[in-house]
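J.:
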Amino acid sequence: MFESNDTFVEEAVKVVESGAMKAKKLCLLAATLLFCVAMISTTGIIKTILAILTIVAGLSYCWILGYKNIEYEYDYTNGSLEIAKIINNEKRKKVVSIEPSEVKLVAAVGTNESLKYDHVNLKTYDCSSNQEDDKDYILVAHSEAKGYDFKVIFNPSEKLLNAMSKYNKHDIYA
Numbered sequence: 001m002f003e004s005n006d007t008f009v010e011e012a013v014k015v016v017e018s019g020a021m022k023a024k025k026l027c028l029l030a031a032t033l034l035f036c037v038a039m040i041s042t043t044g045i046i047k048t049i050l051a052i053l054t055i056v057a058g059l060s061y062c063w064i065l066g067y068k069n070i071e072y073e074y075d076y077t078n079g080s081l082e083i084a085k086i087i088n089n090e091k092r093k094k095v096v097s098i099e100p101s102e103v104k105l106v107a108a109v110g111t112n113e114s115l116k117y118d119h120v121n122l123k124t125y126d127c128s129s130n131q132e133d134d135k136d137y138i139l140v141a142h143s144e145a146k147g148y149d150f151k152v153i154f155n156p157s158e159k160l161l162n163a164m165s166k167y168n169k170h171d172i173y174a
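Take 1 as the starting number for the sequence shown in our numbering and just add one per residue.
1) Can the beta-carbon of Tyr61 be found less than 8 Å from the beta-carbon of Leu28?
2) Decide yes or no for the touch test of the segment 110-119 against the segment 37-57: beta carbon pairs closer than 8 Å, at least 3 of them.
3) Rank Lys146, Ser128 and Leu105 by C-alpha distance to the C-alpha of Asn168 and give the top, closest one.
4) Taking only runs that begin and end inside the segment 28-108, name each unbroken beta strand (DSSP E) of 3 or more residues, in chain order.
5) Relative to the C-alpha of Ile70, which candidate in His142, Ser18, Ala108 and Pro156 has its C-alpha closest?
6) Closest by CA to Asn162, which one among Thr43, Ile153, Thr77 and Glu113?
7) So, is Thr54 buried or exposed, given that buried needs 16 or more other C-beta atoms within 10 angstroms?
8) Can Lys151 and Val140 be called in contact, C-beta distance under 8 Å?
9) Could you tell me the boundaries of the beta strand (DSSP E) in which Ala141 lies?
10) Within 10 angstroms of its Cβ, does Val15 collect 16 or more other Cβ (buried), or is it exposed?
11) Give the secondary structure of Lys24 by DSSP, where H, G and I count as helix, E and B as strand, and everything else as coil.
12) Quick one: Cα of Asn130 to Cα of Ser114, how far?
13) Less than 7 Å between C-beta atoms, sequence neighbours within five positions excluded: which residues of the same chain meet that for Val95?
14) Over what stretch of residues does the alpha helix (DSSP H) that includes Tyr167 continue unbroken?
15) What is the DSSP secondary structure of Glu17, counted as helix, strand or coil?
16) Is it buried or exposed for Asn88, if we count other Cβ within 10 angstroms and need 16 for buried?
17) Going by the DSSP bridge assignment, what does Lys123 pair with across the sheet?
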């Protein structure tokens, strides 16, 4: 019988719309309506400018509406973590790929280990669900190819953390 010692964990985390995104949508909708009403009551070149602003604000609003269903998928295979962003269950975009040798730290946000990197200016990938109930973790890694450190904020399950600790025993603080 064939046995495999491969480690594979796949998880999907649905992102909750933030207050900032709701505010952007509301402001763009209000701007579209305001420009439209103002356009009706004016004439000449101002009417043309308001028509252009109405179209731009309306298209921006429609573009933001297209990002209403966002998920992050964490694929962990034999020490390598790949995070992809899935938009409206149609478009998949790779966010980051991390090898086990690149991992410096994985710890819950707010712990002593993670606070060391709280005020360090690193490129940050926020791949979390933005839900208050979910526990956020920070992963700090160094990319040899890019030549800099970066951090990832994400919501791994216990299963994923256990799989990660198999390959990075001293760097995982779960």
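For every residue, glycine included, the Cβ atom is placed at its ideal position computed from N, Cα and C.
T.: So, to answer that:
1) Sequence index remark: in the sequence shown, residue 61 carries index 61 (1-based). Sequence index remark: in the sequence shown, residue 28 carries index 28 (1-based). Yes, they are a contact pair.
2) The segment 110-119 is not in contact with the segment 37-57.
3) For this step, residue 168 is matched to residue 168 along the sequence shown. From the listed residues Lys146, Ser128 and Leu105, the smallest Cα separation to Asn168 is found for Leu105.
4) If one requires a minimum length of 3 residues, the beta strand (DSSP E) runs lying completely within the segment 28-108 are 70-77, 80-87, 91-98 and 103-108, in chain order.
5) Locating residue 70 in the sequence shown gives position 70, where the first residue counts as 1. Taking the Cα of Ile70 as reference, the smallest distance to any Cα among His142, Ser18, Ala108 and Pro156 is reached at Ser18.
6) The sequence position of residue 162 within the sequence shown is 162, counting from 1. Here the closest residue by C-alpha is Thr77.
7) Against the sequence shown, residue 54 aligns to sequence position 54. Result: buried.
8) Indexing the sequence shown from 1 puts residue 151 at position 151. Indexing the sequence shown from 1 puts residue 140 at position 140. At the C-beta level, Lys151 and Val140 come within 8 Å of one another.
9) Residue numbering aside, residue 141 sits at position 141 when the sequence shown is read from its first letter. Unbroken beta strand (DSSP E) run through Ala141: Tyr137 to Ser143.
10) Position 15 of the sequence shown holds residue 15. Under this definition Val15 is a buried residue.
11) Residue mapping note: residue 24 aligns to position 24 of the sequence shown, counting from 1. Lys24: helix per DSSP, three-state reduction.
12) Indexing the sequence shown from 1 puts residue 130 at position 130. Indexing the sequence shown from 1 puts residue 114 at position 114. Using only the alpha carbons, I get a separation of about 18 Å.
13) By one-based count along the sequence shown, residue 95 stands at place 95. For Val95, where only same-chain residues beyond five positions count, the Cβ hits under 7 Å are Ile83, Ala84, Lys85, Tyr125 and Cys127.
14) As a working note, residue 167 is residue 167 in the sequence shown. First-last of the alpha helix (DSSP H) with Tyr167: Glu158 to Tyr167.
15) Here residue 17 is taken as the residue at index 17 of the sequence shown, counted from 1. Three-state result, Glu17: coil.
16) Walking along the sequence shown from the start, residue 88 turns up at place 88. Burial is judged here by how many other beta carbons sit within 10 angstroms of a residue's own beta carbon; Asn88 has fewer than 16 and is exposed.
17) Stepping through the sequence shown from its first residue, residue 123 is reached at position 123. According to the DSSP secondary-structure assignment, Lys123 is paired through a beta bridge with Phe150.
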